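Going line by line, the protein sequences match chains A and B. Numbers 1 to 264, taken from the numbering used here, label the letters of the first sequence in order. Numbers 1 to 291, taken from the numbering used here, label the letters of the second sequence in order. Just so you know, even glycine gets a beta-carbon here, dropped at the ideal spot from N, CA and C. Small disclaimer: the values here were computed from a predicted structure and weren't measured. Worksheet: the structure to be examined is printed underneath.
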Amino acid sequence: MTGAMNEPRDEWADRLSEYVDGELTAAETALLEAHLATCARCREAVGELRAVVRWLSEHAADVGHAGSGATAPLAEGWTRLAARIAADGTARPGAPPVPIASMTRGAPRRSWTRDPALRPWLAAAAALVLAAGSVWLAARDHLAGERGAGRPVASARSSPTRPASRPRETSADASVAAWVPTAQYLAAVGDLERMLRDGRDHLRPETIRAIEQSLANIDRAIAESEQALGADPANDFVADYLDAARRRKLRALRRATAAVNAQT
Amino acid sequence: MLLTPAVAMAALVTLQIAHTDTTVVVRAGARLAVDLRGGSIDVRTWDRGAVRVVAAHSEQVAVHVESTAAVLSVRSAAARGRNNIVDYQITVPRAMSLTLGGGDIDITVAGSEAEIAANNREGKISVNGGRGVVSLRSTHGEVAVANARARIEVHALNGDIAITDAIGDIEAENADGSITLTRVDAARVSATTVDGEIYYEGPIRDGGRYSFTTHDNEVRLVIPGGVNATVTVATVTGEFHSDFPYEVREQRGRGRFSFVLGNGSALLELESFEGDIKLGRRDAPSRREER
C-alpha cells in the first residue's frame, strides 16, 4: 500500500541485505538511508534482517559448539541467506518463504534442525528468518509491485473488477484458478504450527485461546474458499481470496510464534 | 471481600512495592525505547527536553534507564524466578519518537507528535496522537488510535481495531475482530479481517485507493455524496446495498460487479465472502440514524 505513497526506487528491495552486511558504498548507503527515512516497510525489513544477524551472531559460538553442521550456513551470511530464501520464495509469485529446513541445503548432511540441543534457538531463528524473509518479500513486492513489475501475467487477469495495478495478493498464472500450496508453503505452515505447539506452555490460556480462535477463523475461511472455488473454478475473486487467506495464515502463525518467542 | 486496613497493609508489605522516579535530559531527535515483559506503559507528553520515568515494581525488579545520543532505553530486570512486571508512567517531549514493546502489557500514549511503534502480546494498545508513521502490532488485545496525523499500520491477530479522527493512510489487518474507521481522511486505506465487521466513515479522495475485505461479516461504508470512484463489489453469499444510484458496468457472475460514481478516479474495493456490503451516503436520510 505504501509503494506509491513514497515513490520508492525499485532496486533497493534487492539490496537491503547488502546494506545490513555493510557491503554498499558510502554513496549507496546514503541513498538507501534517504529511502529508509520515507519507507516504513523497508525500515522494518532492515530491522528484521538485523535482528536475524544479531541473534545468530550472539549464538554463533553455541552453534559451532553444539552442532557442527550449523556452521556452514552461518558462514554463508545470514542476511543473504534470508534474502535468498525470500527470493526462492518469489520464484513463483505467491509462494511464501521456505521453512528453516531448507536452510540446510548445501550444508553437511547431518540434520542440525533435529538436534535436540539446538531446538530452542532454532525455533527462534526460524521465526526470525521466516519473519525476515516475509518482511523482505513484502518490501520487495511493495517496491516492485504496483506498476506490475515481477507479476508478468497479472494483466492477463485484469478486468474492471480486477484492475491490473491493484496492490493485492494475486495469483500470477492466468491458467490456474488459484495458487496451489507448494511443499515449501506447507512445510512453513507445519514448522510454525509445531513451534506454536511446542511453545504454548509459555503463553497464558487466554492468549492460547485467542490464537487458536484466530487460526480457526482463517482455516475456516480457507476451507470455505476452497469449497467455493471447487464449485466455481473460474471465479477470480475467490481464487484471489483463497491466496490471500493462505498468506494470512502464514502471517498469523508468524505473529503467534513471535508471541511465544517473546516469552521464551 | 473487604480488606481491613491491617490486612491491606500486610498485603502491601508482602508485595514490597518499590518506586523508581528519574528524569533524564534528552537531545532533540532522540528516540525512547521501552522493553517490558509484563505490566503497563503509559506515555504522556510535555514541552520539556527531558524524559521522566516513574515506575512501580517489586523490590526484586530493577529498572534501568540508559541514554545515548540517539536512544533513551528503559528496561527492567528481575531477580531469578521473579516476575518482571513494571507499571511505567513516562513523560516525554512531544516530538520524541517512541518504540514500546514487550509481552503482556497495556500500552497507552497520549499527546504524541512523533512516530510511534508499539507491540504487545496481550493487552490493549491505545494511542492518541502520532505523526509520520504509527505502527502497532498486537497478538491479543484491542488497538485504538485517535487523532493521528500519520500513516497508520495496525496488525492484530485477535482484538478489535478502532481508528478515529485520523488523517493519513491506513493499513489495518485482523483475524478475529472488527475494524472501525471513523472520521478518517486518507487517500489509501486497506482494511482486512476474517471474523469481524468493517466500518469506514470518511471521504473518498480523487485518485485514492480503498480496499475493505472481511470473510463473514458486514462491510459498511458511510461516504459523502459527489464521490468519484470506480467501485468493485465481490461477495459469494452476501448482498449489496447502496444509497448511491448505480449502473453495473460489468457483471462477473453472482455477487461480482463494478460500477462508476462520478468520474471514477478513485478505486473502491468492497469484499465480503459471506457478509453483506453496504455503501451508505453520509447525508442519506435513511442512513442518518443508523449508527
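Beta-bridge pairing of residue i - partner residues as DSSP gives them
i, result
"B:H140", "B:E122 and B:N158"
"A:Q227", "Paired residue(s): none; A:Q227 is not in a bridge."
"B:V24", "B:V51"
"B:K278", "B:R220 and B:H241"
"B:R131", "B:R149"
"B:W46", "B:P93"
"A:T257", "A:T257 pairs with nothing; no bridge assigned."
"B:F259", "B:V231"
"B:E59", "Paired residue(s): none; B:E59 is not in a bridge."
"B:D104", "B:G38 and B:E122"
"B:A33", "B:S73 and B:T99"
"B:T164", "B:A146 and B:T182"
"B:E271", "B:T213 and B:A234"
"B:E250", "B:S258"
"B:S112", "B:G129"
"B:A18", "B:H57"
"B:Y88", "B:I41 and B:A55"
"B:H64", "B:R75"
"B:A117", "B:T99 and B:S135"
Proximal chain A residues relative to residue i, where beta-carbon distance stays under 8 Å
i, result
"B:V92", "None at all; the shortest Cβ gap to chain A is about 21 Å."
"B:E153", "A40"
Given residue i as reference, the closest of the options once Cα atoms are compared
i, options, result
"B:S97", "B:D87, B:S126 and B:V133", "B:V133"
"B:A77", "B:A69, B:V71, B:A70 and B:V65", "B:V65"
"A:L253", "B:N128, B:H155, B:T232 and B:I198", "B:H155"
"B:R137", "B:F244, B:D87 and B:I161", "B:I161"
"B:T99", "B:V86, B:A79 and B:V127", "B:V127"
"B:A118", "B:T237, B:A144, B:D169 and B:G253", "B:A144"
"B:G103", "B:N83, B:V54, B:T20 and B:R94", "B:N83"
"B:A166", "B:Y200, B:D21 and B:K124", "B:Y200"
"A:L186", "A:K249, A:C39 and A:H35", "A:K249"
"B:R31", "B:R80, B:A146, B:A70 and B:S190", "B:A70"
"B:P245", "B:R254, B:S258 and B:G238", "B:S258"
"B:D185", "B:V222, B:N217 and B:H215", "B:V222"
"A:I222", "A:P205, A:R247, A:D201 and A:T207", "A:R247"
"B:T232", "B:E247, B:S58 and B:E171", "B:E247"
"B:T237", "A:D236, A:L242, A:E224 and A:A244", "A:E224"
"B:R131", "B:T108, B:D169 and B:L157", "B:D169"
"B:S40", "B:A50, B:I125, B:S178 and B:W46", "B:I125"
"B:L267", "B:G208, B:G49 and B:A175", "B:G208"
"B:E171", "B:S112, B:R188 and B:D206", "B:R188"
"B:I296", "B:E122, B:Y210, B:I204 and B:E218", "Given that chain B is displayed from residue 1 to residue 291, the structure contains no residue 296 of chain B and the question cannot be resolved."
Boundaries (first-last residue) of the beta strand (DSSP E) holding residue i
i, result
"B:Y199", "I198 to E201"
"B:R220", "V219 to I223"
"B:E173", "I170 to E173"
"B:I179", "I179 to T182"
"B:V71", "V71 to A78"
"A:A234", "A:A234 -> no beta strand (DSSP E), and no H or E assigned at all."
"B:T68", "Here B:T68 belongs to no beta strand (DSSP E), and DSSP marks it neither H nor E."
"B:S265", "Segment: none, B:S265 is in no beta strand (DSSP E) and carries neither H nor E."
"B:G192", "Note on residue identity: the sequence assigns Thr, not Gly, to residue 192 of chain B. R188 to T192 is the span of the beta strand (DSSP E), which, as asked, contains B:T192."
Contact list for residue i against chain B, beta-carbon separation under 7 Å
i, result
"A:S17", "By Cβ distance, chain B contributes nothing, its closest Cβ being about 22 Å from A:S17, past 7 Å."
"A:R184", "According to the sequence provided, residue 184 of chain A is Gln. The question's Arg does not apply to it. Near A:Q184 there are no residues of chain B at all, since even the closest Cβ is about 22 Å away, more than 7 Å."
"A:T207", "R121, E122, T139 and H140"
"A:A259", "R121 and T139"
"A:A13", "Chain B residues near A:A13: none, gap ~18 Å exceeds 7 Å."
"A:A252", "L157 and A175"
Beta-carbon neighbours of residue i, restricted to chain A and to distances below 7 Å
i, result
"B:N128", "Going along chain A, no residue has its Cβ under 7 Å from B:N128, so there is no contact; the nearest lies around 20 Å."
"B:S58", "Going along chain A, no residue has its Cβ under 7 Å from B:S58, so there is no contact; the nearest lies around 19 Å."
"B:F244", "Going along chain A, no residue has its Cβ under 7 Å from B:F244, so there is no contact; the nearest lies around 17 Å."
"B:V236", "A228 and V238"
Cross-chain neighbours of residue i in chain B, by beta carbon under 8 Å
i, result
"A:N217", "A175, D176, V194, D195 and H215"
"A:R204", "D104 and E122"
Boundaries (first-last residue) of the alpha helix (DSSP H) holding residue i
i, result
"B:Y210", "Taken as a continuous stretch (DSSP letters only), B:Y210 belongs to no alpha helix (DSSP H), being part of the beta strand (DSSP E) at R209 to T214."
"A:V20", "L16 to V20"
"A:L203", "Unbroken run through A:L203: none, as it is neither H nor E."
Chain-ordered neighbours of residue i on chain B, where CB pairs are closer than 9 Å
i, result
"A:A256", "T139 and L157"
"A:A210", "E122, T139, H140, G141, L157, N158, G159 and D176"
"A:R248", "E173, A175, T192 and V194"
Beta-carbon neighbours of residue i, restricted to chain A and to distances below 9 Å
i, result
"B:S135", "A40 and E44"
"B:G253", "D232, A234, N235 and F237"
Give me the subset of the segment 225–238 of chain A whose CB atoms are less than 9 Å from a CB atom of chain B, sorted by chain position. Those residues of the segment 225–238 of chain A that come within reach of chain B (Cβ to Cβ, closer than 9 Å) are S225, A228, D232, A234, N235, D236, F237 and V238.
Short of 9 Å Cβ to Cβ, which residues in the segment 78–110 of chain B face chain A? Within the segment 78–110 of chain B, the qualifying residues are G101, G102, G103 and D104.
Which residues, taken in chain order from the segment 256–278 of chain B, show a beta carbon closer than 8 Å to some beta carbon of chain A? So the close ones are R256, F257, S258, L267, E269, E271, F273 and E274.
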